[in-house]
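Chains as they are written, first to last, in the working numbering: chain A, 767 to 1553; chain B, 767 to 1553.
Glycine is no exception: its CB is placed at the ideal position from the N, C-alpha and C atoms.
There are 2 protein chains.
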Amino acid sequence: MGMKAIGARVQRTEDPALLSGKGRYLDDIALPGMLHAAFLRSPLAHGVIRSIDATAALDAPGVHAVLTAQDLPEMLRNTRLPVMGSSPQQTQVMTPYALAPEEVCYVGEPVAVVVADSRYLAEDAAGLIAVDYDELPAVANCRDAAQAEAPRTHNGSSSNKATRFKATIGDAAAAFATAPHVFRQDMWQHRGCGHSIECRGAVAEHDPLRGGLTLWSSTQIPHIAKHVLCDLLAMDPESVRVIAPDVGGGFGPKAVFYPEELVVAAAAMKLGRPVKWVEDRREHFLTAVQERDQYWDVEIAVDGEGRILGVRGSMLHDGGAYLPWEFSLPYIAAVTMPGPYRLPAYDLDVTVAYTNLPPASAIRGSGRPQAVFAMERLLDRVARELGIDRAELRRRNFVQPDQMPYPTGLTYRDGRAVVYDSGDYPTTQSMALELANYADFGRRQAEARAQGRHIGIGIANYVEGCGVGPYEGVSIKVLDNGKINLRSGAAPTGQGHKTMLAQICAETLNVEIEDVIVTLGDTNAIAMGVGTFASRIAANAGPSALGAAQTVKAKILSLASRLLETPEEDLVLEKGRVEARHGNRQGLSLGELARRAKGSPGVSMHRGDTPGLEHTSYFTPAQATWCNGTHVVEVEVDIATGGVKILDYVVAHDCGTVINPLIVDGQIQGGVAHGIGNALLEWMAFDPNGQPLTTNFGEYLLPSSTVVPTVRIAHLETPSPVNPLGAKGAGEGGTIPAAAAIVSAIEHALTPFDARLNMSPLTPETIIKSLKQSPNYKAALMRACAG
Amino acid sequence: MGMKAIGARVQRTEDPALLSGKGRYLDDIALPGMLHAAFLRSPLAHGVIRSIDATAALDAPGVHAVLTAQDLPEMLRNTRLPVMGSSPQQTQVMTPYALAPEEVCYVGEPVAVVVADSRYLAEDAAGLIAVDYDELPAVANCRDAAQAEAPRTHNGSSSNKATRFKATIGDAAAAFATAPHVFRQDMWQHRGCGHSIECRGAVAEHDPLRGGLTLWSSTQIPHIAKHVLCDLLAMDPESVRVIAPDVGGGFGPKAVFYPEELVVAAAAMKLGRPVKWVEDRREHFLTAVQERDQYWDVEIAVDGEGRILGVRGSMLHDGGAYLPWEFSLPYIAAVTMPGPYRLPAYDLDVTVAYTNLPPASAIRGSGRPQAVFAMERLLDRVARELGIDRAELRRRNFVQPDQMPYPTGLTYRDGRAVVYDSGDYPTTQSMALELANYADFGRRQAEARAQGRHIGIGIANYVEGCGVGPYEGVSIKVLDNGKINLRSGAAPTGQGHKTMLAQICAETLNVEIEDVIVTLGDTNAIAMGVGTFASRIAANAGPSALGAAQTVKAKILSLASRLLETPEEDLVLEKGRVEARHGNRQGLSLGELARRAKGSPGVSMHRGDTPGLEHTSYFTPAQATWCNGTHVVEVEVDIATGGVKILDYVVAHDCGTVINPLIVDGQIQGGVAHGIGNALLEWMAFDPNGQPLTTNFGEYLLPSSTVVPTVRIAHLETPSPVNPLGAKGAGEGGTIPAAAAIVSAIEHALTPFDARLNMSPLTPETIIKSLKQSPNYKAALMRACAG
């Protein structure tokens, strides 16, 4: 009787502690003698520091140090932070310094740090630092930045363009030359933030006794953070430990190693005291990475039946002041454009421009929402122009299951071909349509209209290259008490990795999930790790957990077979014991076996044995896995206010093997909430000088529980052939097509007004502006108000 | 041009820090908020605790807690400490509790602990604890204890005999029945201590933030200590870390996990503050394990040419109050008896008796000095009786090199046959004799006698089963900065393990020894470890280092070959770089390769690659390796005072492959010093009630630099076939035969008085007593005084 854990709706083992206030987040860390840091940040979007006078700040009560760039170790003074995920081409891009030594390129860029007895004293003292700046012209929009005559976003650079590249399939010019229909469309998605509940933060302690520098950071990437610390502080990797304690959300912004983490570490080493810094929400608005600003100008060529012949055009990506993940986002957007559709010809000209805005890097979806938005809006346009039902049009264009594995014809920036590994896109869409009762929507809409209500339905499909390498490792060890320890570099930020990995281990070793003790987020727990981003943990750490557990199981059975003098095939591993299947059912507990496996001091081991019941496996996927899904959303638009109410939200989702439906459903639900924010609410606003205008939750709106419906979810499972678990990724699919689906639904609701909606977020103001262009609007509004 | 490090006389990398005061020993550890512990110990060798009144102690200034057994966690209250190296038979033996709950069985047994702001305050308060004891009769000698009518050493036990077993080869009765000559001899070696420069000590800190309990202990066995802590504190092994900082000598007593380590940990957990305890010298005399008390009554049967036909008799071993390593010592003694000699028949009847003395466990040599003493004294007796030169007699009896591997016919307690793996005993002895100019000694002796001086020469041979399993592991990793990190569970206590392991790694990877950063003595450094005892590190961790380095080298070359597009055979790994042997000599540094080997976040790895340039190897020897040696010592005895002066000390030594002659020579020199103490000085004295009489270095004499000569050393290397390095062990060979050789030399010096010396230590008093039995003594003394 085997324990069936993979695929089971297992309650998250993380939750009891977190829900009862026993979580240990970064700000819960209090070390003896700990000091507190506050950063002095640039008030200008662009300027040059002429001088810094810290005299008054140093005299302020409780202040231990004021550090500027000049006070940092030499290497930190002169070295920009490395890019996180550099391409094999090792392009040169702008990244920040730990503290700006001379030039500041966005509002909020760290200029100095005050270390004091409390955060209050540190902030007060920071206000006493006098910095003399030469203000320089700032560029607050990538379209402006891309102009040749634009002021330079970084002093002395020859252009604001960070790169320009092409993504191509086939011969787009030829396809467009002969196409029966071509439709062109501008599209834009605006910048927003990640806004994890917990902001960023770091505590550093330098203590040679425990082996050196320990940095606790609210990060998604402890192992990468460690590498950067070692490089920039010139430390032996063995004397640096990074711990991500409980982390209250990541969503991408915490997959960047930030100047503040480095400065806090350097300050702790310099002062010989632990130093803590916790980002406040205003700092998060100013300095955590942001994403989405892309301008697309694309056209689609189709035949008379709406079959896609080609897509071409250009895309302009806002890189912000720095590019911590280099060109990852625009590349991802470019290769995501084809989506689940056969695209015989494609020619996208991508430009990345620096601006004097906060650095741009991945936020849940990471370039994909923009590409999906572009493609899905184009398809809606085609459907409207040719009078084809939107679902039917998509159906006609799907890559078919029997075409898998399907090379799209694109290559990624690492030079590898983009190949969809598995999936059944037509079935996924059918499931979503059925669950949403799409066939009946015409009736519902007619009924609503008769009541003066404007409802609409939207569809969007996506594929997502997720589960990217290079690897993630898992160590599994049977402990002396019979419990199983599992360690991995897969640092969680709330996804339930502990539960998911425990399930794989528990099923393989046929133990209770509670008996698997999972240690994550600590660079001391496993030699190597990458981190949590790109929906990569299930497809990287998952197979590693499987591989490690299988090897440990083989060791268990081999040892038990010898000790019990019973062939392996006659043994049962069950409930933490190995027993002989027949006879007297003599057996040994896993704890006893673990002790025996360690051998006895001074006694030789059985020839060929290796000690211990443990194994570490690093699974290295040969390529990304490609999950997919269909979102169908039903909305009602209040044409008087422009308010949008989501009536129903359906997701059909294929992330390969579903290890825990509860977790996947949670990811989808949360992802959709994120997507609703993107579609309707979240707008990070700046004035023309690059001054942020929305720096609190009164000005920047997040979707609340009254806005976000319970998402209804259907799963299809087409296991990935890329890894033995068949797992893909589930972290971002809730977000990626949401804006496309919601805007589609709004447009559909506003069909009587022939609204054309090609941006997000779509605020009430924008909707009203669009409605006002319709000759039908005034009369409809009168009817609605009367009714 | 390969780096030749193995076998080189490399300066110890440990020494610059240690010699310049930068060592970090246990007592150097100071943690914020740390409290200090002092133990209240039993003043009786045997008694029952009626009541403990801690009121006054609790009221004393600075006292935070007074803990007795009743105040410990339940598991600690009721569980005796485990045996360290239990035999597969899992015999039940007496071990101590953390704190004596009821019965005390030796003077010094911990009864309570006071935790206070300082050690002074803690000791003062400990003096205020009132314990009401019922005194019970104590047994202070194992010969008394073995008597049926003796008082019981432990209340309620049916006998003081812990075990009785036999070691046999062939048919001893038959051999003795027909032997031309049989000689019988009583022998005795007395109890002494280990006396590392640094006493024991422990600091415990319980901090969930850093993952739980950290115990710093001046121990030889951090991994075993961790297992015991987990078991007895019911802790998840992942939340316990044991660190052995710099340790000032071990010699065996620190290969035991002691009650104090456990109590300090429990106190730190209970109080939520770090707690430190450092053993003072008096405590070390009372409570650190002691060794050597064995009574041998054996006879040897030889033919007319002095060839050994058999040995038989009995041995009584003093176990002290507890047996932390079970019967390890008497078993080792029993199988060591045959030594390098062919022994066709053997029958030793071994009894282990408890006494009310400090627990007995291994001190450098661990049972072997006693067995070698017994055999070598018997051979000297045969030589004298049959008029054969002592060296010649031994030569006639050696196992020959062409008999290797040589099963002695004995089995060890794990049921495995005792098999000598390699060695050339005749050559080893010849080398020693030559170096000592043995052939000329007769002339020197005659010359001295003519001057009224009494000089003698002694010879002793030994073999030592060392390098025992079960394993020791080594992890090797190339760091991003190109340096190599090596980690192992092989905790050093001054042997130079870091240098030795770095040599193996450096030679294999062809880097400088300084570029190998070695981390030892930390259970977080490597998943599994055993510890340092039984001269086992070179033969266990050594081959692991070799294996791990070889695998890492293969990874380096494979990766470099692909990146440099050059076949592996055309690559040179040299000076931390891999370069193409031909052409432009393009290359990559180890640091660059390490970075490339980690892969790039989000980028798939080359198919088949595993990330990182690292490997962990656990070498598991199939059996012990058997090193051997010959000691030849020349002494002068002052017949007026009984004083002995060592004129020359020669060791010929075969420990297989010599990895670092400087280190091996140091081990031999130190070991001989230890042996000189055993032979002449160290006498741990007790009164008949078990009260220790020698509890400081005024009463208990250690060999000082004026006593210990510079040992002259010759090496023979017969590599062991048990491991690929060919290494055996070198830590104890300096000690094992020393007492036998020195007593032989003294007896030889005193030939004119026909002295019969069959015990150690041989104090001046004993020598004089022996001399006084000689009719020649008075006259000789007169002549000497006159001269």
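Here Thr1193(B) is not near Val1184(B), since their CB atoms are 7 Å or more apart.
Against chain B, a Cβ distance below 9 Å from Gly851(A) picks out Ser1366, Pro1367, Gly1368, Val1369. Sorting Phe1139(B), Glu1045(B), Gly1248(B), Leu1267(B) by C-alpha distance to the C-alpha of Asp1281(B) places Gly1248(B) at the top. When DSSP states are grouped into helix, strand and coil, Leu865(A) belongs to the coil group. Listed by position along chain B, the residues whose Cβ is nearer than 8 Å to that of Asn1251(A) are Asp1002, Pro1003, Glu1004. For Arg1373(B), at least one C-beta of chain A is nearer than 7 Å to its own C-beta. Neighbours of Ala1300(A) in chain B, taken as residues whose beta carbon is under 7 Å from its own, are Gly1368 in chain order.
For a cut-off of 8 Å, the C-beta gap from Val870(A) to Trp1091(A) is around 21 Å, too long to register as a contact. Taking C-beta atoms under 8 Å as the contact rule, Gly1441(A) and Ala1496(A) fail to qualify, at a distance of about 14 Å. For Asn1455(A) and Pro903(A), the gap between their C-alpha atoms comes out near 7 Å. For Asn1227(B), the beta-bridge partners assigned by DSSP are Thr1396(B).
Gln1166(B) is outside the set of residues whose beta carbon lies under 7 Å from a beta carbon in chain A.
No Cβ-Cβ contact shorter than 7 Å links Glu1065(B) with Cys965(B). Minimum Cα-Cα distance from Ile1434(A) among the listed residues Glu1026(A), Ala1418(A), Asn1462(A) corresponds to Ala1418(A). For Leu1245(B), the nearest CB of chain A lies under 7 Å from its own CB, placing it at the interface with that chain.
Taking the beta carbon of Ala1293(B) as reference, the chain A residues within 8 Å of it are Ser1241, Lys1243, Gly1378, Glu1380, listed in sequence order.
A check of alpha carbon separations from Arg775(A) across Asn1426(A), Arg1162(A), Tyr1543(A) identifies Asn1426(A) as the nearest.
Residue pairing by DSSP places Arg1361(A) opposite no residue, since no beta bridge is assigned to it. Residue environment for Asp1453(B): exposed (fewer than 16 other C-beta atoms within 10 angstroms of its C-beta).
In the three-state DSSP reduction, Phe1164(A) falls in the strand class (E or B).
Put simply, the backbone Cα of Gly1131(A) is about 11 Å away from that of Val1438(A). The DSSP-derived three-state label of Lys1042(B) is strand. Its Cα nearest to that of Val1399(A), the residue Ala1198(A) stands out among Ala1198(A), Ile1534(A), Phe1519(A), Ile1279(A). Here Ile1279(A) is buried. Its C-beta has 16 or more other C-beta atoms within 10 Å. Among the residues of chain A, those whose CB is under 7 Å from the CB of Tyr1384(B) are Thr1376, Pro1377, following chain order.
Bridge partners of Asn1251(A) according to DSSP: Lys1243(A), Ile1283(A). When secondary structure is reduced to three states using DSSP, Val1477(B) falls in the coil class, being assigned neither helix nor strand.
His1514(A): member of the alpha helix (DSSP H) spanning 1504 to 1515, first to last residue. Lys927(B): not part of any alpha helix (DSSP H); member of the beta strand (DSSP E) spanning 927 to 935, first to last residue.
Secondary structure remark: continuous beta strand (DSSP E) runs of at least 3 residues inside the stretch 1406 to 1485 of chain A, in chain order: 1409 to 1420, 1478 to 1481. Of all residues in the stretch 808 to 830 of chain A, none places a beta-carbon less than 7 Å from a beta-carbon of chain B. Here Phe942(A) really is in contact with Ala1067(A); their C-beta atoms are around 5 Å apart, less than 8 Å. Using beta-carbon distances, Thr1265(A) does not count as an interface residue toward chain B, since no partner is under 7 Å.
Only those residues of the stretch 782 to 804 of chain A whose C-beta falls short of 7 Å from the nearest C-beta of chain B are listed: Ile795, Pro798, Gly799. When DSSP reads this structure, Ala1390(B) sits in no beta bridge, so it has no partner. Counting only Cβ-Cβ distances below 8 Å, Ile1283(A) has contacts in chain B at Asp1002, Glu1004, in chain order.
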